[in-house]
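Student:
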Amino acid sequence: MNKSLRKAIIAGNWKMNKTRPEAKELLEAIKPLVANAEGKVEVIACVPFTNLETAINTTAGSNVKIGAENVHFEKSGAFTGEISADMLTELGVEYVVIGHSERRQYFGETDETVNKRTLAALEAGLKPIVCVGETLEQRELNITEEVIATQIKVGLKGTCEKCIKNVVIAYEPVWAIGTGKTATPEQAEEVCAFIRGELAKMFDKATADAVTIQYGGSMNAGNCKELLAKPDIDGGLIGGASLKANDFNTIVQAAVEG
Ligand code: 13P
2 MNKSLRKAII AGNWKMNKTR PEAKELLEAI KPLVANAEGK VEVIACVPFT NLETAINTTA
62 GSNVKIGAEN VHFEKSGAFT GEISADMLTE LGVEYVVIGH SERRQYFGET DETVNKRTLA
122 ALEAGLKPIV CVGETLEQRE LNITEEVIAT QIKVGLKGTC EKCIKNVVIA YEPVWAIGTG
182 KTATPEQAEE VCAFIRGELA KMFDKATADA VTIQYGGSMN AGNCKELLAK PDIDGGLIGG
242 ASLKANDFNT IVQAAVEG
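Counting from 2, one number per residue, gives the positions in the sequence shown under this note's numbering.
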C-alpha cells in the first residue's frame, strides 16, 4: 500500500446544523487553524444548501473547500425542492456527499439513486463523496462485505476510469454514526482495504490505489490518529466533531502529520 499515491481528505459533514451567521463564524474560526494543511491535506466543509453561498464567500482565498450534502440527478425540471449539479457548480461548490446513510435511512436513497447522483455530479464537474456502510444487523449477520460490495458496484456503475479519480469513498458503518461507538482502527481498515480491492476489480489496481477512502462514524479528536494511521484510511468524514473548530482542526492536524 502506498498512501502517497492519493490525497488525504478531511471533510466535515455539518448535516442539518448552522444558520448562515453561525456558519460564517465556524468557518472563520476553522480557516486560520487549518491553513498549514494546504498542499498536504484537502480540507472540506460540507454544509446545508442554505449555507453554501455564505460558506464559499467566507472561505474564498483559503484552503478550505466547500461541499454540498446532496444533489439531484436530473439536470433541471419539475422536481420541487431539489437542487441540481449545475446549480452547485455555478455557486463554486467542489464536492458533494452522496448516499449518506441518513439519506438511505430516512429519505429512500438506494444504490440506484446513489449511482444516478454520482454520474450527474461527475458530469457537472463535482467531486462526489460516495458513502457506503453496513448496519449493525448486517455486521452481526456477517454480510458486511456483500453489502459494501453491492453498494460500490451499483453505486459506481458506469463511472469511467478517468472519472473515478474524482470520486472519494467514505466508509461509514451505520452503527458508528453519531453513536460515539467508533469502529476500531482494525475494523475500519479491514473494510477500507476491502473497498480498495473491489475498486481494483472494477477498474485496476493502479486506479484503486489512487482513490481516497475515508472513514466516518464518531471520528473525533481523541481517536483520529489511530484511524488515520491505517494504510487504507486516507481521511475522514466527520459529523459532530466538525461543528467544533478546535476538534475539527485536531483531526486535520493528525492527517497532516499522518
Ligand atoms: P459522526 O461523526 O457525528 O458520527 O457522523 C459521521 C457522519 O455521518 C459523517 O458523514
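Quick reminder that beta carbons are idealized off the backbone N, C-alpha and C, glycines included.
Considering only the beta carbon of each residue, do A171 and L244 sit closer than 8 Å?
Tutor: No, they are not a contact pair.
Student: Could you give the DSSP three-state label for V155: helix, strand or coil?
Tutor: Looking at V155 - three-state DSSP - the assignment turns out to be helix.
Student: Give the C-beta separation of V212 and I165 to the nearest angstrom, bearing in mind that I take them to be a contact with Cβ-Cβ under 8 Å.
Tutor: Right, the Cβ-Cβ distance comes to about 6 Å (below 8 Å), so this counts as a contact.
Student: For G68, name the three-state secondary structure that DSSP assigns.
Tutor: Strand at G68.
Student: Give the secondary structure of L127 by DSSP, where H, G and I count as helix, E and B as strand, and everything else as coil.
Tutor: Three-state result, L127: coil.
Student: Which same chain residues, not among the five before or five after M2, have their C-beta less than 6 Å away from its C-beta?
Tutor: The pLDDT assigned to M2 is 44, lower than 50, so where the model puts this residue is not dependable; a value taken from the coordinates is nonetheless given after this. Counting only Cβ-Cβ distances below 6 Å, and skipping sequence neighbours, we find P232.
Student: At which residues does the alpha helix (DSSP H) containing A36 begin and terminate?
Tutor: Segment: none, A36 is in no alpha helix (DSSP H) and carries neither H nor E.
Student: Would you check whether the ligand 13P has a heavy atom nearer than 7 Å to the C-beta of A242?
Tutor: Flag set: Cβ of A242 near the ligand 13P.
Student: Measure from the alpha carbon of N71 to the alpha carbon of each residue in L229, M17 and A177, then state which is nearest.
Tutor: When only C-alpha atoms are compared, the closest one is M17.
Student: Hey, how far is the Cα of A184 from the Cα of E190?
Tutor: A184 and E190: Cα-Cα distance of roughly 9 Å.
Student: Could you check if I178 belongs to the surroundings of the ligand 13P, using beta carbon to heavy atom distance under 7 Å?
Tutor: Yes, since a heavy atom of the ligand 13P falls inside the 7 Å radius drawn around the Cβ of I178.
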